[in-house]
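**Q** Our numbering puts the sequence shown at residues 2 to 88. All C-beta atoms, glycine included, are put in the ideal place defined by N, C-alpha and C. Structure incoming, see below.
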Amino acid sequence: MDKLWLALAGAAREHAPTLEINHRPLSTLGVENQTLAVSFATLCVEARSQHDYIALSRLFHTVLLFDVPVMTPLMENEARRFYCAGG
2 MDKLWLALAG AAREHAPTLE INHRPLSTLG VENQTLAVSF ATLCVEARSQ
52 HDYIALSRLF HTVLLFDVPV MTPLMENEAR RFYCAGG
């Protein structure tokens with residue numbers, strides 16, 4: 002994943018700011034050249050609205066999602082957010 006990040010972002014993951022998306026914090030794993038690295042937990046476990054995903058799509062041309070688990074039937078909400086985030 003780090004090689005993919007380097008190819009897409011053009012730099013190593015050194016900047017991991019907390020962004021404010023629709024007045025809520027969003028922790029990142031990296032931000033560089035309109036490319037975002039973020040954890041599955043941040044994007045799909047924490048409560049997010051469709052407006053958050055739209056805002057992210059306007060800010061970043063590429064989003065790399067790290068630490069995606071194998072989903073179980075008990076992860077219905079997370080799976081829905083995962084689907085909507087990629088949709």
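CA-CA distance, F61 and P74?
**A** 31 Å
**Q** Which one of A80, S40 and L5 has the shortest CA to CA distance from T29?
**A** S40
**Q** Classify D53: buried if its beta carbon has 16 or more other beta carbons within 10 angstroms, exposed otherwise.
**A** buried
**Q** Return the Cβ separation of E79 and C45 in integer angstroms, given the expectation that the two are a contact with Cβ distance under 8 Å.
**A** 5 Å
**Q** Determine the DSSP secondary structure at L7, reduced to helix, strand or coil.
**A** helix
**Q** Name the residue from L57, R82 and K4 whose alpha carbon lies nearest to the alpha carbon of V69.
**A** R82
**Q** Would you say L57 and T36 are within 8 Å of each other, going by their C-beta atoms?
**A** no
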